[in-house]
Structure formats: C-alpha cells, structure tokens
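For the sequence shown, full-length UniProt numbering assigns the number 61 to the initial residue and increments by one for each residue that follows. Each residue gets a CB set at the ideal place from its N, CA and C atoms; glycine is no exception.
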Amino acid sequence: AWKKFATQPFSNVEDFERDVVRHVETTLARSIFNCDETAAYAAASLAFRDRLITEWNRTQQRQTIVDGKRVYYLSLEFLMGRALDNAMLNVGLKGVAKEGLSDLGFRIEDVIEQEHDAALGNGGLGRLAACFLDSLASLNYPAWGYGLRYRYGIFKQEIIDGYQVEVPDYWLDFNPWEFPRHDIVVDIQFHGTTKKYQDENGKQVTVWEGGEIVRAVAYDVPIPGFDTPSTNNLRLWSSKAASGEFDFQKFNSGDYESSVADQQRAETISAVLYPNDNLDRGKELRLKQQYFWVAASLYDIVRRFKKTKRAWNQFSDQVAIQLNDTHPTLAIVELQRILVDLEGLEWDEAWAIVSKTFGYTNHTVLPEALEKWSVPLFQSLLPRHLQIIYEINLYFLQSVERKFPNDRELLARISVIEESQPKMIRMAYLAIVGSHKVNGVAELHSDLIRSTIFKDFVKIFGPDKFTNVTNGITPRRWLHQANPRLSELIASKTGGLGYLKDLTVLGEIEKYADDKEFKKEWQEIKYANKVRLAKHIKATTGVTVNPSALFDIQVKRIHEYKRQQMNIFGVIHRYLTIKSMTPEERKAVAPRVSVFGGKAAPGYWMAKTIIHLINSVGKVINSDPEIGDLLKVIFLEDYNVSKAEIIIPASDVSEHISTAGTEASGTSNMKFVLNGGLIIGTCDGANIEITREIGENNIFLFGNLAEDVEDLRHAHNYGEHTLDPDLARVFEAIKDGMFGDAGAFGALTGAIEDHGDYYLVSDDFHSYVQTQALVDEAYRNQDEWLTKCITSVARMGFFSSDRCINEYAESIWNIEPLDTST
Ligand code: 26Q
C-alpha cells in the first residue's frame, strides 16, 4: 500500500502550478488572492523541495545499500547563496517553473530575488566548499558535508557616509531548505577533569568527567546534483541547552532566570559566524564552536560506521574525512579519543586508523592566518584532548628523533607545541601529523607550502604526503545560472548542455573565435550583462554609468595582501592624468568604470580605511563635470554570492592583483574568465595556471614574482625603498585633501612610505599602471578583444570543480561514484 501512495513530484507546468497553489493555501495558510512575491517564492520553493526530498531519500537509501566508502567534508563555512534557482536548474525544470509562475502572474526573476542568501561563510574557502558540494552530488559521489548552523551568517554591509557599517544577517526567518532532525542529537561535553584508573583487566583507562554539556541538534539541507537524481546531504549542527535534571531542578526551584541564562549560553555556540577571513584571533568561543561541531560530526560518522558491524580496522575503508583548513583539526584528536577511551583500542592501533582517515587542505601561507591555540585555554576547555595532543606529539617527536638523531632545533621547529609564553598548539602541524595527505589549492601555493612553512615535514614524511589539487568552480552556478544567455549560446554550438557535465567540451567553441556572427552575439550578451549591472549600480548607488565603457571589476574580501589599495591608487593616477589633459587629448581617453566590492573584517581597521578611500575618491570623481563618462568609481555595497552572479558576467576586465605568493589560489579569477572577461593580475595563485591554459596573450600579467618578494622586503627594511614617482604624485593629491580629510588616509600611505611597504605596492605600481594602459589599448580593438575572450572561455575546461573533485576522489579519498541507474 505504501508504494501506491508514494509522493509523485511534478514534472509538467500544470502539476507545478497545482503544487504551488496547494502550498500557498495549506502549507502557508494564505489565500491565493493574497499571494505576493514572497509567498510565491515560498510556495515554489516548497514545490521544488518536495521533489528534492524524494530523490534525497533515495540517494541515502542507495548509499546505505551499497555500503561503500563515503567522504565527509568538514568545513566551518558553506557559502551557499540562493537555493531555489540552483534547484530548478539542477533538476532541469526551470522552464516549467517559469511558465507556471508566469501563468500565476509572476516573473520568475522577481520570485528568485525574494530568497535570502545562505551566507554561512566569509569568502573563498566557504564558497569552495559550496562548489564542492555541487560537484560531489553532480558526480554521484556518496558524500556528506558537515558544518555549523549559524543563526547569523556573515554580516550585511552597509556603506554610510563612505564607511562600512555591519548589520546582523538574521537569515532563518523562513528557510524551506532545511529540515530539523530533533531526533538526531548529540550531547557535547566541555571543561571537567580527567581521571586515570585500571579497569578489571588491569588496563589503564582515562575518563573525562564533569563540566558542562551542550546539545547539538542536526539540521539537514538537501544538495541536488545537476542532471542526476543524486541528492546529497549537508548536515549543520545547532546548539541548545541539554535538558538535564540540573536545569529542571533549577527551573522548579524557582531559579528560572539562571535556567534561561544557561539556555542562552548554550545557544551562543552556533549563534554567529566569525567574520575574519585569513586571520586567527584565538577567541575561546571560536574553539568551542570547533569542538562542538567536530564532536557532533564524529559521533554521527562513527555511529553510522558501527551500524555496519565492521571491525575497527576497516574504518578508513569506509570513511574519508577531509579537513577544510585547520578549523576541524580537533577531529583527529576526537577520533583518537573515541577509539582509545570509549572503544578500548590500543593507542597504536587507533592511531593507525586515525591517520589513514584524514586529509588536510591548506588554504593560506599568511602567518597571521595559521591557527594556534593557547595550552591554558585547552587545559580548561578540553583537558582530555590536551593530554592526547601531548601524547600524539611525544610519539611524533620520538619518531623524528629516531630518523634524525641529535637535531634539537628540528624538534623545536616541528613540535606541535610551540614553547612560547604561554605555550601554543600549532594546529597546522597537528593536522599534518594526523593526516595521510596534505594538499595546497594551486600549484604555486602547493610548491610554496612544501618549500617554506611545511618544509621540515616534507623531509620527515617524504614528498608523497604533500600534493596539489588546484581549485575549481561549478560551471552550473557560475555560467549556466549567472549567465543564461552565454550558456545558451555555448549550448547551441556544442550540442546542448552536456558541456556543463564535462567542461572540457568548451574547447569546441574555439573554432568560433574568429566567426563574425558568433562574435556579434557574444558581444551583445556581454553588453546586455553590463546593462543589467549598470541598472543595479543606478538603483543602489544612484550613479549612472555608461555600459559602453570598459568595466574593470575587483570584488573580493578587502585585505592588504589583495591590494585594493593599489587599485584605487591606480584610479587616482588615472584621474590626475585625465585632469592634466587638454579637451582635445581627452577625446582619446578610453572610458572606464572601476567597480569595487567586498567586506572588511569588522576589526580590520586598515581594510576599513581602504573602503573609506574608495568611496571618497568615487564621490569626487563621479561628480567632476570635467570627467563625465571617462571615469566612474563605484563601491558596491554588501558583495555576496547572489550579487556576484550579477557582477561577474558584466566584467570586461577583473583584477586579481595580490602580492605574488600571498593568494593561495583565488577562485573568482576562474569565474570571471569563464564569463568572458579578461584578467589583469599578478603571477600568483591560480592566475599562473589560468595563464598556462588560456595562453599568455590572453591575460594581462604584471609585477614582481614570488621568488623576488623576500629580497625586496629585505631591501625595504634596510632603507632601500624609493617611492615610485607616479605613486608619489597620487600620495600628494591625497595629502592635499583632494579626497577630503587627508588625515583619514595617513595609515594607508604611511604603510607604504614609512612602514616597509610589506605588500610591495610601490614596487609593483609602475608595472601595474603600464599594464592598465595596455588594457585600454587592447580594448580599443574590439575585434581582437572578442577573439581573446572567446579563446579564453574555450580553454577554461580545466577549472571545473568536477575535475577538482575527481582528483580528490582518486588521489586522496579513494572513493567511487554511486550507480544511480537502480
Ligand atoms: C581562523 C581562525 C579563527 C577565525 C577565523 C579563521 C579563518 C577563517 C576563514 C581563517 C581563514 C579563513 C578563510 C580563508 C580563505 O578563504 N582562504 C581562501 O581560500 C580559497 C579557497 O581555497 C583560496 O582560493 C584563496 O586564495 C584563499 O585566500
């Protein structure tokens, strides 16, 4: 009987409309005569959700029956963006939805716009995790994501009088994409004490007792694959008070207030995403978040494994766990604790299992981003874990001592414990020691970690443990969804949407790189995308920009190493140059719109000053009647995933200009090129591999190389630093008050003039300005420009996150896709 009544999800327009109306009337309890866009969004989402749930359940059943190896992706960040558009496209029913919604009186774009971004991440690392989930599902891998269900995602950015103001992002008001699992709860322990004793067989055992308990509740999010029934699971943990007798007693004895306070303290753990990107601040609550999430996830993973009744030595044949940076490193310690303390395995036996299970991905070489936690903090919060870390370190140091006898300095350098005041735990070292593979995210970055920060470990473990997996992006969201017209054009020349499943098929469009008709269509699409962005700029900033101007875009987190300051100094230089021209000379200037966007960490004062300068410069230039359309400067408020989907397809040129050797990979560089924009960039991160793939005639590279950075910095510190003359003129203009209160920007100029110019802005400035002139020149020849763009897109196949995930699957996880035909 069950089968007969199983849910039949819609697949045509009429059934879709019926589902939407049913959800409006019954699920939302609203009259169809009172159905606005919000309600239409809600009902359409619920209709698609019904479809996803069916396939999601099937996928999970299939995984259980096959009983093969699964991969678990542990990430504190998942920057998902909107789900409805993605679900419609991945399921292949956007056309149906469009027609159905139109019948009901709605434009699908307006309905999609109602959704609040799921912004549970800061930037690159979090968005990478989201692209990986899309690829894992699209490639039918049995995979789960584990994260935290923050009540507040990354803050919303408002620009008030040119300054960044942070507004909380409360996004859970109505979220049809999550399913609370009130039956899946794990109680997580903090603080307390440890005791050692002998059990009945005379074996030494350690128990961890007392302290406080916080309850983790699972919330599941379905992740649909593209053009496949596979629908994977993202499990996010939410914290709440454990309803113990203690609270109950408090409550009954009239201590209501303190019982509520306990509740709030527990809920604080998953309340908010830390808004720092590439910076570690060592806050206790952050460590609590990490352990809470890691312990709940491991309990869940181990429980699933135990159901299969296998022997422990088969654990790593069934389970691969990938650590997205060091944030989940405690998982290594927690699994060792479970196996030794709770399951009674011998230390060595347990350690063999643990170190075969984990893989660790490093995303940064910046010293200020390498996680360290103080030993006293650990002692108080996780006393048993501290003991285990010491023990892991002891065995590790002993093994190194055997291999490299009498090298005390080596031991001090590689110890998981830094002998500082207070002592610190080096999480990256712990992650390396406890993993079977360590990877960087682009070739240069992987080479750098092998030759600098992890050099000693390469000597100890051998080179095979360290590898590279160059990042990728999902072409479903970053081409098909963000740029539907370009996707359609490509599909029309490559035999349909198959290219979205094998991005190397893009190669087939290279034969149109000189095709007049094709180029015309290409140019029209780019122009339409620029018109769309121009409208957005007008609506949000009030500034009118000319869509025929060259759109030059830099959108990413604001950070000194990414050098937005160099970009805005370049804009000022351009402004001064135009101002010094005769009207006749100005006629030859190529019009340009410089677009910036990105959030500064709330405590990162220098980054906030950069935002302030960009806005101050924009205010002056945009209202200068002499300049008109020749130059406009725009700061787009609140850059996020859904805004990226409008911004990226509209670029002619995008800027990826980090100091060489600092940007691990970058992924927006890939998104911009895939959408037919060219890059101005340094020889850093994935720019280098993009150049290799698309050809150096199709990219504007400039600046010093990573291998020269150390010497340049050294020279600066010995006073051999002369300010670039063009940059000096820019600084004079700033100091003259051309952009308002000169004092406000003293820190920015001072960092370069007086404090060693750590990010080499002055060293690279001349080369940057010259290369920008080459961009102007190249853009003048639209015919050649279009050839460059088309050729570049044709050669971007390598940068699909599908390729990237297949590399992880083969070389790190050793997992196979599931057969979805049964
Ligand atoms: C660490 C400790 C305490 C608080 C916060 C953090 C923290 C949070 C986020 C440290 C780092 C991050 C994020 C790092 C990040 O986004 N890295 C980027 O990862 C991308 C994907 O690999 C790369 O493309 C970028 O180059 C890299 O900057």
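Helix, strand or coil, according to DSSP, for residue i in the structure here?
i: residue 615; result: strand
i: residue 371; result: coil
i: residue 274; result: strand
i: residue 62; result: coil
i: residue 268; result: strand
i: residue 15; result: The shown model of the chain, from 61 to 882, leaves out residue 15, and the question about it has no answer.
i: residue 231; result: coil
i: residue 714; result: strand
i: residue 305; result: Any reading at residue 305 must be qualified, since the residue scores a pLDDT of 47, below 50, and its modelled position is unreliable; the value itself is stated next. Three-state result, residue 305: helix.
i: residue 835; result: helix
i: residue 205; result: strand
i: residue 178; result: strand
i: residue 295; result: strand
i: residue 855; result: coil
i: residue 497; result: strand
i: residue 403; result: coil
i: residue 643; result: helix
i: residue 258; result: strand
i: residue 226; result: strand
i: residue 216; result: strand
i: residue 190; result: helix
i: residue 15; result: Residue coverage of the chain in this structure runs from 61 to 882, which leaves residue 15 outside it and unanswerable.
i: residue 650; result: coil
i: residue 239; result: strand
i: residue 380; result: strand
i: residue 656; result: strand
In its own chain, which residues sit with a C-beta less than 6 Å from the C-beta of residue i, not counting the 5 before and 5 after it?
i: residue 883; result: The structure shown does not extend to residue 883, since the chain spans only 61 to 882, so no value can be given for it.
i: residue 711; result: 611, 613, 732 and 737
i: residue 568; result: 554
i: residue 833; result: none
i: residue 826; result: 784
i: residue 331; result: 211
Starting from the C-beta of residue i, find all residues in its chain whose C-beta is less than 7 Å away, skip the five residues before and the five after it, and write them out in chain order.
i: residue 278; result: 241, 244, 295 and 297
i: residue 88; result: 99, 102 and 103
i: residue 440; result: 251
i: residue 393; result: 445, 448 and 449
i: residue 386; result: 431, 487, 488 and 491
i: residue 818; result: 773
i: residue 840; result: 650
i: residue 616; result: 183, 622, 658 and 728
Give every residue of the same chain whose Cβ lies closer than 8 Å to the Cβ of residue i, excluding the five residues on either side of it in the sequence, and list them in chain order.
i: residue 754; result: 733, 851, 852, 855 and 856
i: residue 748; result: 502, 503 and 504
Out of the options, state which residue places its alpha-carbon closest to the alpha-carbon of residue i.
i: residue 263; options: 355, 406 and 678; result: 406
i: residue 378; options: 334, 455, 251 and 130; result: 130
i: residue 2; options: 736, 396 and 399; result: Shown here, the chain extends from 61 to 882; a query on residue 2 therefore has no answer.
i: residue 507; options: 424, 882 and 465; result: 424
i: residue 109; options: 496, 123, 118 and 148; result: 148
i: residue 215; options: 202, 333 and 239; result: 333
i: residue 775; options: 867, 276 and 823; result: 823
i: residue 495; options: 312, 188 and 376; result: 376
i: residue 351; options: 299, 138 and 324; result: 299
i: residue 521; options: 476, 463 and 546; result: 463
i: residue 708; options: 539, 750, 452 and 270; result: 539
i: residue 691; options: 651, 718, 721 and 480; result: 651
i: residue 526; options: 511, 537, 535 and 534; result: 511
i: residue 327; options: 315, 372, 273 and 364; result: 273
i: residue 662; options: 794, 694, 224 and 143; result: 224
i: residue 173; options: 635, 288, 701 and 395; result: 701
i: residue 136; options: 390, 119 and 260; result: 390
i: residue 693; options: 704, 671 and 703; result: 671
i: residue 633; options: 556, 789, 780 and 681; result: 789
i: residue 843; options: 360, 577 and 343; result: 577
i: residue 229; options: 239, 571 and 217; result: 217
For chain C, find out if any of its Cβ atoms is closer than 7 Å to the Cβ of residue i; answer yes or no.
i: residue 358; result: In summary, chain C is missing from the structure at hand, where a single protein chain is found.
Quiz item: What are the uninterrupted segments assigned as beta strand (DSSP E) that are 3 or more residues long and contained completely in the region 530 to 600, given in chain order?
Solution: none
Quiz prompt | Contiguous beta strand (DSSP E) assignments of at least 3 residues, all confined to the region 312 to 361 | solution = none
Quiz item: Curious, which full-length alpha helix (DSSP H) runs of at least 4 residues does the region 405 to 493 contain?
Solution: 407 to 417, 435 to 441, 443 to 463, 468 to 474 and 487 to 493
Exercise. Please list the segments of the alpha helix (DSSP H) lying wholly inside the region 714 to 790, counting only runs of 4 or more residues, in order along the chain.
Key: 728 to 734, 747 to 754 and 766 to 777
Quiz item: Curious, which full-length beta strand (DSSP E) runs of at least 3 residues does the region 664 to 716 contain?
Solution: 691 to 696 and 713 to 716
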